[in-house]
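By the count of full-length UniProt numbering, the sequence shown reaches residue 560 at its end, each step adding exactly one. Since the structure comes first, as structure tokens, the remarks are kept for the end.
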Amino acid sequence: MERNTNVFLSPTPGGKPDSLGGTLVGTGTSRTEGRSATPPRFRAGPGWDASSALTLGVGSRLRNSLESGLSTPGGPSAASPGAGSTMRSMSSGGSRQPLRPGVENMMLQATKRQMDAVEEKFSSQLARAMANSDRVREAAIQRLEDKVNMTQGLHQPRLDRRVAELVGNFKGLSEEMQQMIRRIDNMDSRNREWRSHVEDELMGRHTELEQMIQKASSKANVAQASIEDVQSRLSTRMQRLELEMSERAAHFEETGDALNLLHGRCEALEANAGSWPNRSKEILVHSARGEVPDLSNQIGDVKTMVDRQLAEMHDVQIRTETQEQGVQILRTRVEGIDEKFRRLAERVTTSDWEGRFETMKLHLHEEARIKSEHVEQLDVISKRLEMQEQAYEEMRQLHGHIMQVSSQVSGEATPGYQVGGSWHVCDATSSSPVDREASRGLDLNVGVVAGDALDVRPDACGLGNRVAALEETLRTHQAEYRVYAANAVEFQNECRESVGKLQTQSLLASVRQGLDERDRSTNVRRWDRGLRDVTAEPDFSLDPPDVPVQSYGLASFSDE
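Here it is as structure tokens:
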């Protein structure tokens with residue numbers, strides 16, 4: 001009984017409500033100290049009534065009496081009002097007075113009957129309280145189920161519509177991502193083909209340009225060597241012509257001196273012509289003597305010789321004038337040749353072939369640098385494409401995860417939820433805490449999926465922007481390649497034009513050289529012919545001829 005009383009009437013820690021609707025505040029009995037503790041205070045609750053208070057008061061008094069009188073064997077009885085004071089006096093030091101066994105048995109039986117009555121009443125009240133609490137709990141659960149059903153009926157179409165929208169968005173995003181992946185794959189293949197084509201074309205054009213430059217340099221070296229050879233030959237011929245001209249000038253000076261001497265002798269003859277009448281008289285005197293025929297013969301011979309000398313002098317004068325004209329023509333031709341060679345030398349010296357070759361080399365180095373830059377840019381683009389492929393792979397994995405979640409959300413007819421790795425089906429009639437937790441988990445999963453979709457959408461937009469930027473970069477590189485190809489074609493055309501000009505100039509130089517050589521050979525032949533004619537002429541020295549002149553005896557004439 002003592003154990004049962006302690007079980008039913010002992011207050012719970014922290015002041016929990018008991019089955020009667022009240023609250024016991026206080027502590028239990030401390031039996032180790034051998035004295036009664038402070039009785040617990042009772043605080044009325046919302047379900048408190050008078051019968052409950054009476055029962056609790058009787059139980060408290062019985063417990064106090066039991067604790068105070070029955071704590072030791074053979075203790076005093078609690079039937080009389082002074083029993084407690086007697087016990088207190090005995091415990092404080094007075095002598096104990098033993099009670100009678102009959103009184104103790106009566107007290108125990110009375111206490112037992114009271115405790116049985118209290119226990120029955122308490123058990124009945126406890127049963128009523130438990131039934132009342134069951135009804136309240138069932139009503140609360142029913143209200144909660146009604147509320148859950150109403151909430152599910154209100155929000156289920158919206159949730160289904162939202163899930164359908166998310167599924168549609170995911171499908172659209174998956175299709176867009178597949179299209180982007182295909183476009184990137186096609187772009188990558190086109191980029192590789194374009195890169196290989198550009199490299200092959202650039203290598204071919206660079207080899208062609210190098211070959212053309214080598215041919216142009218070899219032709220320029222050959223042309224320069226031929227020009228130097230022609231210039232050396234022309235210089236030797238000019239020296240020879242100058243030597244011949246100096247010799248001819250000396251010969252012409254000698255001829256002029258001879259002509260002057262002849263002119264002086266002619267003047268002397270004309271001056272002596274005044275004495276011819278006297279001599280004619282003498283000749284007549286001598287002819288009378290028989291000497292006239294000889295003198296007439298001598299005069300005829302002298303006249304013939306003078307006529308012949310005059311004719312020869314006239315021919316010499318004509319030939320001299322002709323020779324002077326030829327020399328003038330040769331001088332003009334030599335001056336023209338000198339002018340041509342001077343212009344050719346100026347063109348050779350001022351054309352700056354080395355500078356042009358250096359410029360071509362610089363252009364080639366610039367083209368090589370641009371090619372290396374293009375190769376580096378292509379490498380960067382390939383790396384970016386690889387990074388984009390990795391990003392697309394991650395996006396594909398994320399998309400697969402999202403599609404898996406969406407299929408799990410919308411794949412079955414009955415909505416379900418996932419808690420702790422296990423899948424549960426939502427039941428409208430289930431209202432357990434696990435179901436409520438599952439519904440909250442489903443809402444959280446839907447919110448997470450929606451948030452992931454919203455997070456994926458900017459990534460997809462950013463991916464589209466990056467793809468557009470990559471396409472714009474490729475278009476820019478294609479435009480630069482077109483400009484580069486146009487510049488290469490222009491440079492190739494300029495090289496061809498320069499090579500054609502060099503070939504034309506070398507051909508013209510060779511033709512002019514041939515013409516000049518032919519003219520020179522013709523003039524040399526003419527000069528040689530004239531020299532042979534001049535050397536074949538008789539000696540025009542004005543010394544008196546060795547003509548035997550007989551003495552006409554002028555002294556005798558004078559004596560007579």
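All C-beta atoms, glycine included, are put in the ideal place defined by N, C-alpha and C.
Burial state of residue i (16 or more Cβ within 10 Å)
i	result
Met-305	exposed
Ala-368	exposed
Ala-216	buried
Ala-140	exposed
Val-302	exposed
Met-150	exposed
Ile-318	exposed
Ile-402	buried
Ala-225	exposed
Met-360	buried
Leu-269	exposed
Val-222	exposed
Leu-166	buried
Glu-339	exposed
Val-198	buried
Val-380	exposed
Leu-173	buried
Val-136	exposed
Thr-332	exposed
Met-106	exposed
Euclidean distance between Cα positions of residue i and residue j
i	j	result
Val-483	Met-387	29 Å
Thr-207	Arg-475	27 Å
Gly-102	Glu-119	25 Å
Ala-131	Arg-143	18 Å
Gln-323	Ile-337	20 Å
Leu-243	Ala-250	11 Å
Lys-383	Met-180	18 Å
Asn-191	Ile-184	10 Å
Arg-347	Ala-479	40 Å
Glu-138	Ser-123	22 Å
Leu-310	Ser-235	42 Å
Arg-182	Glu-358	48 Å
Asn-186	Tyr-392	15 Å
Gly-168	Glu-472	31 Å
Gln-178	Ser-189	16 Å
Glu-176	Arg-396	11 Å
Asp-315	Ser-218	57 Å
Ala-129	Lys-121	12 Å
Arg-162	Asp-146	24 Å
residue 563	Leu-159	The shown model of the chain, from 1 to 560, leaves out residue 563, and the question about it has no answer.
Gln-211	Arg-205	10 Å
Asp-116	Gln-125	14 Å
Arg-308	Glu-267	18 Å
residue 563	Ala-220	Absent from the structure is residue 563, since the part of the chain shown begins at 1 and ends at 560.
Ile-299	Phe-252	33 Å
Gln-156	His-374	59 Å
Glu-104	Thr-111	10 Å
Val-334	Glu-247	17 Å
Ala-486	Glu-394	42 Å
Whole-angstrom C-beta distance between residue j and residue i, which should lie under 8 Å
i	j	result
Lys-371	Leu-202	6 Å
Leu-378	Arg-195	5 Å
Thr-320	Thr-255	7 Å
Leu-344	Ile-227	7 Å
Gln-239	Phe-341	Actually they do not touch by this definition, with Cβ atoms about 14 Å apart.
Leu-362	Leu-209	Contact doesn't hold; Cβ gap of about 13 Å is too wide.
Met-313	Leu-262	7 Å
The ligand HEM heavy atom lying under 7 Å from the CB of residue i
i	result
Arg-347	The ligand HEM is not among the ligands present in this structure, which contains no ligands whatsoever.
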